[in-house]
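What follows is a set of notes on a single structure, which appears directly below.
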Amino acid sequence: MGMRRKTMTQNRLNRRTFVKGAGITGIAAVAGCLGSPTTEEPEPEPTDEGLAPAEPVDADRIARDPTDIPPPVDWDEPREHDITLETERVTAEIEPGVTFDFMTFGGQVPGPMVRVRRGDRVNLRFEVPEEMNMTLHNVDFHAVYGPGGGADATTITPGEKAAEISFTAEYAGAFIYHCAVPNMDHHISSGMFGTILVEPEEGLPEVDNEYYLGQHELYTDGKVGEEGHHGFDFDAMKREDPTYVVFNGQAYGLTEDGVGPMEAEVGETARVYFANGGPNLTSALHPIGNVWSNYYRDGDLLSEPDKNIETAPVTPGTTTVGEMEFHVPGPVKIVDHALSRVVHKGALAVVDVQGEENPEIYDEDPQ
Ligand SMILES: [Cu+2]
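Quick note on numbering: the sequence shown equals residues 6 to 372 in our numbering.
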C-alpha cells in the first residue's frame, strides 16, 4: 500500500508538534492551567469490542490538493460547460492508522471545484456507480435557481442511469454544493460537499496563488487518534459532537506532517476559497500570523471586499473567500479559531511562505 503507519505514541507526538507549531500553546495553557493540551487527553479507554482494525485504503490521501482549481475565467462571452460529477465511496485515513469510509464527489474532499463565469451554461451529468453505498444521492448547487438547486432532478440510486440537468449560472459568487438526500447530514459529514465558483463577468482580481479548502465534521465511533477503522456515530452527529473537525478530509492533513503544506513566496498574494460543509458547526476562519486583507463575506464577490478581517464566521453551507499578502517568511496557519477544534480535532492547515526576511516588518531577533 505504501502508506505510512505510525504508532499511537508517534501520533500523539505529532499532534503536540502541530499544536506547538500552531502558536497557541500559550493560550491553551492559560485557559486550562493544565499544561500541555495533549497530556490532559486521556488515553483511549479499551472497550469490550474495541475498534475493528484499520482497513486497506482505496486512496493514498482523501485530501484534495488545495491547488487543484480550474484556471481563472479569461473569456468574455457566455460559454457552455459539460461537467460530470461522479460519486465515489473511498476508504481512507483521517490521520495515520485511522481509517474511515468516506462518501465523496470525485474521490476526494472537498469535491472538485466547478468554475464558470456569470451567464455561462452548465450541462451537468451526475453519476452514482453501482459500488457507491447507500440508497440515494443527489447534488444541490447553491448557485442554481431551481427545485433543490438541482437536487430534485438529480436524485438517483447506485447503478441507476446518470441524471442530467442544465442550468445558467445567473448570479455571481462563491457557493457550496452538497448531497441533499433525506439523510444529508450523514452524507455531508462523510464528505459530500464542494464549491461552485461563479465569477463576475469582469472576472476576479489577479492573485499569485489560489487555494481551495473545505472544512467539515467527522462523527465516528472511535476516539481521536484511536487506531483502527472508525464507523459512523449517528448519535454523536445528532448531538453535534464531532470526533474530528478537518480541512480537506484529513486531521492536520495540509501540514508538514500530513500530505504537505501549501506553498507561497514572500511578496506574493493568495486567495483562499473556503467551503464549510458542516453539516453543523460554524467555523471561525482565521490566518495565524496574517490577516484577510480582502475578505469577501459569505462568498459575496459583487460587493467591495471587507478589509483587514482577523476572524470571520463561516456558516455551514457557505463558501467564503479571503485574500492574504505574504510580507515575511514563515508558516501562516489557517485555523478554525474555535481552538479546541485545532488542538484536539484536526482543524489546521499551513501555508509555508519562503523568502527573504523582512525585518522592517518583522524582526524575530532585534539587536
Ligand atoms: Cu449522498
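Beta carbons: idealized from backbone N, C-alpha and C, even for Gly.
Helix, strand or coil at residue i according to DSSP, with G and I counted as helix
i           : result
residue 145 : strand
residue 246 : coil
residue 369 : coil
residue 352 : coil
residue 177 : coil
residue 103 : strand
residue 168 : strand
residue 237 : strand
residue 119 : strand
residue 347 : helix
residue 304 : helix
residue 199 : strand
residue 310 : coil
residue 83  : coil
residue 227 : coil
residue 254 : coil
residue 55  : coil
residue 61  : coil
residue 153 : helix
residue 31  : Model confidence at residue 31 stands at a pLDDT of 32, short of 50, so the residue's coordinates are unreliable and nothing is read from them.
residue 74  : coil
residue 264 : coil
residue 95  : strand
residue 209 : coil
residue 332 : coil
residue 325 : strand
Start and end residues, alpha helix (DSSP H) containing residue i
i           : result
residue 193 : 189-194
residue 157 : 156-159
C-beta atoms of residue i and residue j nearer than 8 Å
i           : j           : result
residue 442 : residue 96  : There is no way to answer for residue 442, as the model of the chain reaches only from 6 to 372.
residue 326 : residue 269 : no
residue 221 : residue 289 : no
residue 328 : residue 299 : yes
residue 86  : residue 144 : no
residue 196 : residue 108 : yes
residue 148 : residue 105 : no
residue 186 : residue 141 : yes
residue 201 : residue 277 : no
residue 178 : residue 203 : yes
residue 57  : residue 234 : yes
residue 257 : residue 335 : no
residue 320 : residue 274 : no
residue 340 : residue 347 : yes
residue 323 : residue 303 : yes
residue 129 : residue 88  : yes
Start and end residues, beta strand (DSSP E) containing residue i
i           : result
residue 385 : Since the first residue shown for the chain is 6 and the last is 372, residue 385 is missing from the structure and cannot be characterised.
residue 291 : 288-293
residue 342 : Residue 342 -> no beta strand (DSSP E), and no H or E assigned at all.
residue 382 : Here the chain covers residues 6 to 372 and nothing more, so residue 382 does not appear.
residue 130 : 126-132
residue 216 : 214-223
residue 274 : 274-283
residue 1   : Since the displayed the chain opens at 6 and closes at 372, residue 1 lies outside it and no answer follows.
Check your understanding: Is there contact here, the stretch 248-268 with the stretch 213-222, by at least three beta-carbon pairs under 8 Å?
Key -> yes
Review point. On the three-pair Cβ rule with 8 Å, is the stretch 112-120 touching the stretch 150-161?
Key: With contact defined as three or more Cβ pairs closer than 8 Å, the stretch 112-120 and the stretch 150-161 are not in contact.
Check your understanding: Contact between the stretch 159-169 and the stretch 69-83: three or more CB pairs below 8 Å?
Key -> no
Exercise for review: Would you be able to state if there are at least three C-beta pairs under 8 Å between the stretch 250-259 and the stretch 59-75?
Suggested key: yes
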